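In what follows, a single structure is set out as structure tokens and then discussed.
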Amino acid sequence: MNSNFRYDVLIIGGGVIGTSIARYLSRYNLKLALLEKHNDVGDEASGANSGIMHSGYDPLPGTKKAYFNVLGNKMIETVSKELDVSFKRIGSLTISLSEEDDKTLVELAKRAKENGVEVELLSKAETLKIEPNLTKDVRGALFAKSAGVVSPFALNVNLMENAMDNGAKLFLNSEVVKIEKIGEIYKVFTKNAHVFDCKALINAAGVYSDEIVKMLETPNFKITPRKGEYYVLDHFDNEFLKHTIFMCPTKVGKGVLISQTASGNYLVGPSNDPSSKEDNSTDSLTLSEIKKIAQRICPALPFDENIRQFSGIRPNNDIDDFIIEESKVNDNFFIVGGIMSPGLASSLAIGEYVSDLVAKKLNLTKNEKFNPTIRKHLSLGKLGKEKFNELIKENPLYGRMVCRCEKVSEAEIMDSINRNCGAHTIKGVKKRVRPGFGKCQGTFCESEVLKILARELKCDLSDICYSDLGTNVVLKSTKGE
-2 MNSNFRYDVL IIGGGVIGTS IARYLSRYNL KLALLEKHND VGDEASGANS
48 GIMHSGYDPL PGTKKAYFNV LGNKMIETVS KELDVSFKRI GSLTISLSEE
98 DDKTLVELAK RAKENGVEVE LLSKAETLKI EPNLTKDVRG ALFAKSAGVV
148 SPFALNVNLM ENAMDNGAKL FLNSEVVKIE KIGEIYKVFT KNAHVFDCKA
198 LINAAGVYSD EIVKMLETPN FKITPRKGEY YVLDHFDNEF LKHTIFMCPT
248 KVGKGVLISQ TASGNYLVGP SNDPSSKEDN STDSLTLSEI KKIAQRICPA
298 LPFDENIRQF SGIRPNNDID DFIIEESKVN DNFFIVGGIM SPGLASSLAI
348 GEYVSDLVAK KLNLTKNEKF NPTIRKHLSL GKLGKEKFNE LIKENPLYGR
398 MVCRCEKVSE AEIMDSINRN CGAHTIKGVK KRVRPGFGKC QGTFCESEVL
448 KILARELKCD LSDICYSDLG TNVVLKSTKG E
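The sequence shown: position 33 = 30 (the numbering used here), numbered continuously.
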């Protein structure tokens, strides 16, 4: 084992919960590090979800889900500006297709009031007036104006970037395999032969959070993972559906939704099936069922605009609420597990709460130099044509479009690489600035992204991975052979 790395606080897990905790902890004076098993942050549930900032009407009143969802939804307005994250408050409609659904909407409206969420029950005519492409069988809807859509990739990455800008360290490819407690110090051993010492340990390991607990004590919860599969449609018409459309929820979940994303694509899904922790495959039968349900909601939905499918594993648990607590067995071991839906919408509030909990326990002082903002990303979509043309005069590489589908320039790709928490893989660039997310799915731009990565990272093309280690895009050079 390599010599120890010593920190005040160590976070296990680089999903949106772990990076949110890191960002808020960086407001304090401490030595802070985050361990992530993958080759980038946000490569599991945090990078494969609906991107919905739920309003908070649905969780049962009095639960951690309800509290953190409503608070997190309020926080996103400010944080999205500080972290330059694409966010749109488009509102949601939960629709009724039966008498039973009518009763559910009334109950949800009561629940919303208890949770402090403003909602409105709409008639059939009112629903179809604002969303005419819905099925004519719709009976009404529950309108929640505070719901929105956010880029889950940008939120995850930019939270970590901001934490690193403020002094936090990130260790990738650092899967935790063993934890020991010696006196008041935790020793964390990783698969890549490093040992980390810390005073406080935060478990934000997503679907593996129960397994991390087992390394120190008997967990009082069990992760019961469920898989959600999705269709992604191209950004064909911003007016086709203007709100996130939900079905009435059941005990199993919220059902299939249809929504624009923060980037203007449309998502259709998810399914909700029991799964292993690592099965992110998709299958035709499940996708066919999603399509059938979606067409019942919106018959005109153009599935010929489908450009890809994906799936994500949800860290559901057997107590049906978030686990956010300090261990009763091990002092300064904080468990933040089972953060299922609405985890993304709750992430900022959870991050702030846990960081303050840890800071109080360790008597940390405020970091007076903390900067809540990151350097802005410059793009055609954000600046508009006139200002972008001025930018091209300063740097012609902003005028060299590498990805024509998503209108991404060479300069934007270079910038995404040369930041704290910068991209160093094809998928990493894709998550940060979107080349490969368009209709051609990287057919024309991926080779150019590969060359830019190798040039900026000063390495050979064969060293660049698509995502995790071992997914090298080029095996060897054939030049001259």
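Each residue gets a CB set at the ideal place from its N, CA and C atoms; glycine is no exception.
Quick caveat: nothing in here was measured; it's all calculated off a predicted structure.
{"Item": "Tell me which residues share the same chain as residue 457 and place their Cβ nearer than 7 Å to its Cβ, disregarding the 5 neighbours each side in the sequence.", "Value": "451"}
{"Item": "Assuming contact is defined by CB atoms lying nearer than 9 Å, are residue 140 and residue 118 in contact in what I supplied?", "Value": "yes"}
{"Item": "So, for residue 63: in the same chain, excluding its five sequence neighbours on each side, which residues have a beta-carbon less than 7 Å away from its beta-carbon?", "Value": "53, 56, 57, 112"}
{"Item": "Return the bridge partner residues of residue 517 from the DSSP annotation.", "Value": "The displayed coordinates of the chain run from -2 to 478. Any statement about residue 517 would go beyond what the structure contains."}
{"Item": "The beta strand (DSSP E) spanning residue 479 covers which residue range?", "Value": "Nothing about residue 479 can be reported from this structure: the residues present for the chain run from -2 to 478 only."}
{"Item": "Curious, which full-length beta strand (DSSP E) runs of at least 3 residues does the segment 172 to 229 contain?", "Value": "173 to 179, 182 to 187, 192 to 200"}
{"Item": "With 16 other CB atoms within 10 Å as the buried threshold, where does residue 301 fall?", "Value": "exposed"}
{"Item": "Would you report the Cα separation of residue 18 and residue 181, rounded to the nearest angstrom?", "Value": "22 Å"}
{"Item": "To the nearest whole angstrom, what separates the beta carbons of residue 13 and residue 43, a pair I think is in contact under 8 Å?", "Value": "4 Å"}
{"Item": "Who are the Cβ neighbours of residue 160 in its own chain at under 7 Å, not counting the five residues just before and after it?", "Value": "16, 19, 20, 23"}
{"Item": "Is it true that the CB of residue 385 sits closer than 9 Å to the CB of residue 375?", "Value": "yes"}
{"Item": "Would residue 309 and residue 246 be called neighbours here (beta carbons separated by less than 9 Å)?", "Value": "no"}
{"Item": "Tell me, to the nearest whole angstrom, how far the beta carbon of residue 284 is from that of residue 292; I am working on the premise that it is less than 8 Å.", "Value": "The pair is not a contact, with the Cβ atoms about 13 Å apart (cut-off 8 Å)."}
{"Item": "Nearest-angstrom Cα distance between residue 67 and residue 335?", "Value": "18 Å"}
{"Item": "Any beta carbon from chain B within less than 9 Å of residue 288's own beta carbon?", "Value": "No chain B appears in this structure, which consists of one protein chain only."}
{"Item": "Would a C-beta distance cut-off of 9 Å place residue 260 and residue 434 closer than the cut-off?", "Value": "yes"}
{"Item": "What do you reckon, are the CB atoms on residue 200 and residue 378 nearer than 9 Å?", "Value": "no"}
{"Item": "Return the chain-ordered list of same chain residues with a C-beta closer than 6 Å to the C-beta of residue 165, the five sequence neighbours on each side being excluded.", "Value": "19, 23, 29"}
{"Item": "Taking residue 431 as the reference, give the member of 405, 269, 419, 455 with the closest Cα.", "Value": "405"}
{"Item": "Taking the alpha helix (DSSP H) that residue 21 belongs to, which residues open and close that run?", "Value": "13 to 22"}
{"Item": "If you compare alpha carbons, which of 350, 446, 82 is closest to residue 147?", "Value": "82"}
{"Item": "Any idea what DSSP makes of residue 10, helix, strand or coil?", "Value": "coil"}
{"Item": "Around the Cβ of residue 467, are there at least 16 other Cβ atoms within 10 angstroms (buried) or fewer (exposed)?", "Value": "exposed"}
{"Item": "Hey, how far is the Cα of residue 370 from the Cα of residue 319?", "Value": "28 Å"}
{"Item": "Identify the continuous alpha helix (DSSP H) that holds residue 449 and give its terminal residues.", "Value": "443 to 454"}
{"Item": "So what's residue 233 in DSSP terms, helix, strand or just coil?", "Value": "coil"}
{"Item": "Leaving aside the five residues before and after residue 363 along the sequence, list all residues of the same chain whose C-beta is less than 8 Å from its C-beta, in chain order.", "Value": "24, 25, 26"}
{"Item": "Please report the straight-line C-alpha distance between residue 403 and residue 131, rounded to a whole angstrom.", "Value": "28 Å"}
{"Item": "How is residue 165 classed by DSSP in three states: helix, strand or coil?", "Value": "coil"}
{"Item": "Let's see if you can read the secondary structure: which residues bound the alpha helix (DSSP H) around residue 64?", "Value": "61 to 79"}
{"Item": "List in chain order: all unbroken beta strand (DSSP E) runs of 3+ residues lying wholly within the segment 100 to 173.", "Value": "117 to 120, 137 to 141, 145 to 147, 166 to 168"}
{"Item": "Can you name, in chain order, every residue of its own chain whose Cβ lies under 6 Å from the Cβ of residue 437, other than the five neighbours on each side?", "Value": "402"}
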